[in-house]
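Protein chains in written order, with our numbering: chain A, 1 to 97; chain B, 1001 to 1184.
Even glycine gets a Cβ: it sits at the ideal position worked out from N, Cα and C.
What follows is one structure encoded as structure tokens, with my remarks underneath.
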Amino acid sequence: MQRRFHTALSAFALAATAAVIAPAHATGLATCDSGDSSTWQHQGKLEKMLSQMKWSVRQIKVDGGCYEVYAINEKGQRVEAYFHPVTLAPVPLNPKK
Amino acid sequence: MKAAGAQPGFRVWDLVVRIGHWGLVGSVAVAWWTRAGGAEWHERIGYLSLALVALRLVWGWAGTRYARFSQFVRSPAGVWRYARQVWRHQEPRHLGHNPLGGWMIVALLLNIALVGTTGWLYTTDEYWGVKWVDQLHYALAVSLLVLVALHVCGVIVASRRHRENLVAAMVHGAKRPPVGDDVA
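Okay, structure coming up:
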């Protein structure tokens, strides 16, 4: 009984470790076919464009090859929006799975 | 040693402690797996975790004997003494949380509360998208996983030393009755 218990615990520990060290992957919320990041426009340019739309940009991350923007929009609403890093065009979210 | 399969008869963990424990195990696991992508379930699980921690805190004052913080939270000197006993393989068996495990419970509950709070903060207008909140939430989640790993190690060591399946005890709530030097 002890051995079975320890085997189960070891298996759990291994699975947990694997789950934890697995690389953080894209969220899958949106994807951009944007090629190498050396061809991308600067985040600062996107931020400037959005502030001209009266958005208050809080953070810009890279996700799925897109720029992922956290901001408060011109209506004061919280938004998480995606933009193509080459064209800076808005990217629609993938339909929910 | 008891024959395998025999029912240990000493009630230790009440229903609230057990449901709280496995509820938090499930919540932390699901929260980690839903960390990317759909925020909806991640947020729901976050609120559930905070509720479970709140329930456990209340139960730490109002619960049954082994649920109470006053039963298992020991002074630093007591913890140090116990740690040295563990090092020398001379520690007594505790029916409730042992002195090291007791502080682990406090640390785990506090860490879960902090992860939940920073996660909620990130959804407010004021802190929406703010980078340091994002990073703090993630760092706290990682520290929680480290604590969980240490907790599981502690459970394995104590289970081996005292020839007792502590995981099963947290499922059915009962342990082998105290004998000799056991701390009940």
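Under the three-state reduction of DSSP output, glutamate 74(A) falls in the coil class, being neither helix nor strand.
Collapsing the DSSP output to three states places valine 91(A) in a strand. Taking a cut-off of 8 Å for Cβ pairs, the segment 1051-1069 of chain B and the segment 1011-1018 of chain B touch, as three or more such pairs fall below it. In this structure, the CA atom of threonine 1034(B) is about 28 Å from the CA atom of tryptophan 55(A). Minimum Cα-Cα distance from valine 1152(B) among the listed residues Leu1100(B), Ala1036(B) and Val1030(B) corresponds to Leu1100(B). According to the DSSP assignment, glutamine 59(A) belongs to the beta strand (DSSP E) that extends over 56-63. Chain order gives the chain A residues near lysine 1131(B) as Arg58 and Gln59, where near means a beta carbon separation below 8 Å. At a cut-off of 8 Å, the C-beta of tyrosine 67(A) has no neighbouring C-beta in chain B. Under DSSP, the beta-bridge partners assigned to arginine 1011(B) are Ala1174(B). Among the residues facing chain B, alanine 71(A) is included, as its CB has a counterpart in that chain under 8 Å away. DSSP places glutamate 47(A) in the helix class (H, G or I) of the three-state scheme. For tyrosine 70(A), same chain residues with a beta-carbon under 6 Å away, outside a window of 5 residues either side, are Arg58, Gln59 and Glu80 in chain order.
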